Amino acid sequence: MCTTEASTDKDASPILCASSSHINEDAVAGSSQNPIIIDDDLVIAQESLEMTHKMKWLATGSPRRNHTKASAATAAAAIAASKVSPSATRKPQRASKKAHVTAAPLATLQKTRNVQVKELTSVKNTSNAYGGHLDRGVRFLASMVEERQARGEVICSEGIPTNELEKAFEKPPNRFSAMAVEMFLVQKCFVQGLGKDTADGIHGAFARYWDTMDGEKYAGVYQIDDETGRVTGCPARAPAVMAVVHAVKVRSAEKGHAAIRNHAEAMMIEELQKLMVWSETMCPDDMLTMPIEDLATLKFRAEHALMRAFISSAFTLWTRCFELLTLQDQDIKNNCVGPSPHYIPHFKVLLENRKGWQHAKGYDGPRTSNIYEIYHQDVLTIDMHAHLPKWQAYLQKLQPNWKVEKDDYIFPHIAPNGLIHPKREMSYDSLQTLLTKFTAAAGLEKHYTTHCFRRGGAQYRFINVLHPIPLGVDQSFMGEHIAVQHATGEDVRQIQDCVNRKFDELTRTITTRFSHTCHSGPTAHRLTDPISDMLVGPERPPHTQLQASRAASAPYTLPHAIEGAAVRKEGPQTSLPQRAMSEAASVITPTFRRFNFAIPDLGRTPGAWKRAIKQWEEVDPVTKRTLRDWPEEWYKGSSATAAKRMQRKTIFDEYVRWNNGRTRSSKHGTAEEHKSNSSHNSPPETEIETDI
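Heads up: the sequence shown runs through residues 1 to 692, numbered per the UniProt record's numbering.
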């Protein structure tokens, strides 16, 4: 819309109105954005245009006359009006230059650079792994130097001084630093059989160690001056070190027989039999019924009984180790009878914690594939039906004051002090330690871990299933083929030896009893003893004399336990029922004082301090006493529960002190107690324990 006077006229020129509007809008816009100054020349030009238009309109009398000439004149006037003087627009002022920043000191820049590079280029796990390799390398070098010093070796035959070798990993590196790294790689990768990951880790750890030593002084290509022994560059990049790393990588790339297997090996039946025979030689089943003399004997027998039960069970059920560790008493159903017509006795095992079953999707009905019927097997080494009940019976004898509950673990945690925690399962690491210990002592050289029994048990059952001629086709399930087969010469010899041994024992028993009767005087009841013993039968001699010679040189033995078995054999003979009763009593009441009273853990859930006070105050149903009333022999010595009891006592004392409105400020007590104790007129203050 035109703001001039000509805008009221209907016949005003549209170009002139547009130009006037354009000028006004520019003036308004310029006032809010960039300042545009409209001087007097611009105002005069606009007024002259308006006067020219009026005069032409009055002179012609009609706006249509000379339309072309008027339009041209109007356009020329608009162009002249649109030209603004140079003073109308001014360029915005440039921003002032920023203040000059002073450079930081060189030491600060270097420190910042080192910190940022270390944070942004290093990974925490990698740094920890490198630190472990460095620590192990330093210990390896220290053991090597200590060995040389013990031999009194100052300079070896290769001309290596011991004192210089000792400083190979120190600052600065010397001429033996590269050789020390090389020997460390040989020890780890070729002697211990580790792989390329270990070689890369050791090489990377020592390379970074020397690259960052004194800035970059020892970074780069390794060089050594033969005359002065001065080292430049990184010793971890020496050609000899790189050759060892390359050899390890070449070995790891090999396939077939030359390759190194790091996965768990399957324990074959022959290896399992070797392991079980060694265990029964070291700790026969008869030893489990003998009196327990000390804590070492208890742990020794418990380990063998547990491992025999675990190995036979895992081999039979094809389980991973951690799956079988979760087996509880409620998962075993005893006194089961098979279907007709044989009605074979057995027990059932319910295995719930198979891998992947906890997160199975959907519901296809009750699961029955995890119920196993355990029967007696003719191969004793893998007879779960025989070994597992023996372990359960021995476990119950070790804790006679504990009543077995449904949620008790079959393979519980056994503390270092011999206490059994039935509510806590044995850890996988503890079992792996026992497995490694047993296989090494039995002479097995393979690498056994979680899947060794699972794979071995499956291979034992199915490795010959596709054989064109079925093996064992002439064998019956019930074992009748053994009863009807012909006796061999070895069988006849064994039977003859058994009869001769029994006859000799019977003759010796009668002679001993008759000689004793003659010396003490004949009586009626003394004459009946040999006859009753003959009717019952002599005691079966324990087979420990043969094992005593084997155990003399074998590792992991308890000689005094084997000697006890031999002494027991040479003692007076008793009938079988009397001997069973005496053995059971001897196991329940061992010869050394051992108390099966464990203090329960407080747990990690809230309210642990309340449970501690409850244990200290309330009577335990097993011990029939409160924790505060325990005798000293219950928590000192071999029981080793004094630390737990002291923790409960400290919590209770602090609770009583807090309830009385006093807080402990130091080990000397509160300020009030300290002031009272320092006073000469008043006796020292004593705390009175109150029942809470």
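Even for Gly, the Cβ is constructed at its ideal location relative to N, Cα and C. Quantities reported herein were computed from a predicted structural model and do not represent experimental measurements.
>> So for N417, helix, strand or coil by DSSP?
In response: coil
>> So, with DSSP's three-state summary, where would you put C452?
In response: helix
> By the 10 Å Cβ neighbour count, where 16 or more other Cβ atoms means buried, how is R648 classified, buried or exposed?
Replying inline: buried
>> Less than 6 angstroms between C-beta atoms, sequence neighbours within five positions excluded: which residues of the same chain meet that for H447?
In response: E265
> Since T517 sits in a beta bridge, which residues does DSSP pair it with?
Replying inline: T517 is not bridged to any residue.
> To the nearest angstrom, how far is it from the Cα of G132 to the Cα of I160?
Replying inline: 27 angstroms
> Just to confirm, does P422 get its C-beta within under 7 angstroms of one of the non-hydrogen atoms of the ligand NAP?
Replying inline: Inclusion of the ligand NAP in the displayed structure is not the case, the ligand content being empty and no account of it being possible.
>> Going by C-alpha to C-alpha distance, which of S177, Q187, E293 sits closest to I224?
In response: S177
> Do the region 318-337 and the region 295-309 make contact, defined as three or more Cβ pairs closer than 8 angstroms?
Replying inline: no
>> DSSP has V337 in a bridge; who is on the other side?
In response: P345
> Buried or exposed: S312, going by 16 or more other Cβ atoms within 10 Å of its Cβ?
Replying inline: buried
> Mapping DSSP to helix, strand and coil, what is Y372?
Replying inline: strand
> What is the DSSP secondary structure of L325, reduced to helix, strand or coil?
Replying inline: coil
> Looking at C-alpha atoms only, which residue of D378, V145, Y218, P172 is the closest neighbour of M183?
Replying inline: V145
> Can you list, in chain order, the residues of its chain whose CB lies under 8 angstroms from that of residue 708, leaving out five sequence neighbours each side?
Replying inline: Summary: the structure shown does not reach residue 708, with the chain confined to residues 1 through 692, and so no result is reported for it.
> Given a threshold of 16 other Cβ atoms within 10 Å of its Cβ, counted over all protein chains shown, does I414 qualify as buried or as exposed?
Replying inline: buried
>> Please list the terminal residues of the continuous alpha helix (DSSP H) segment that includes R230.
In response: Unbroken run through R230: none, as it is neither H nor E.
>> Distance check for W616 and K610, CA to CA, integer angstroms please.
In response: 10 angstroms
> What separation, rounded to the nearest whole angstrom, lies between the Cα atoms of A305 and K390?
Replying inline: 8 angstroms
> Alpha carbon to alpha carbon, how far is R151 from T162?
Replying inline: 11 angstroms
> Are there 16 or more other CB atoms within 10 angstroms of the CB of M384, so buried, or fewer, so exposed?
Replying inline: buried
> If you draw a straight line from the C-alpha of E323 to the C-alpha of A314, how long is it?
Replying inline: 9 angstroms
> For the alpha helix (DSSP H) that contains W278, what are its first and last residues?
Replying inline: 269-282
> Any idea if W658 is buried or exposed, counting beta-carbon neighbours within 10 angstroms, 16 or more meaning buried?
Replying inline: exposed
>> Tell me the residue span of the alpha helix (DSSP H) that contains H387.
In response: 384-398
>> Along the chain, where does the alpha helix (DSSP H) containing D429 start, and where does it finish?
In response: 428-442
> Quick one: what does DSSP say L558 is sitting in, helix, strand or coil?
Replying inline: With a pLDDT of only 45 at L558, under the threshold of 50, the placement of this residue in the model should not be trusted, and no figure is reported.
> By DSSP, does K171 sit in helix, in strand, or in coil?
Replying inline: coil
> When burial is assigned at 16 or more other CB atoms within 10 Å of the CB, is V123 buried or exposed?
Replying inline: exposed
> Helix, strand or coil: how does DSSP classify L602 here?
Replying inline: coil
>> Under 8 angstroms: do the region 242-252 and the region 195-202 share three or more Cβ pairs, one atom per stretch?
In response: yes
> In angstroms, rounded to a whole number, what distance separates the CA positions of R645 and L398?
Replying inline: 22 angstroms
>> Mapping the DSSP letters down to three states, classify G249 as helix, strand or coil.
In response: Reading off the sequence shown, one finds Lys at residue 249, where the question assumed Gly. Helix, per DSSP.
> What is the DSSP secondary structure of T223, reduced to helix, strand or coil?
Replying inline: Contrary to the premise, residue 223 reads as Gln rather than Thr in this sequence. Correct three-state label for Q223: strand.
> Helix or strand or just coil, what does DSSP make of I332?
Replying inline: strand
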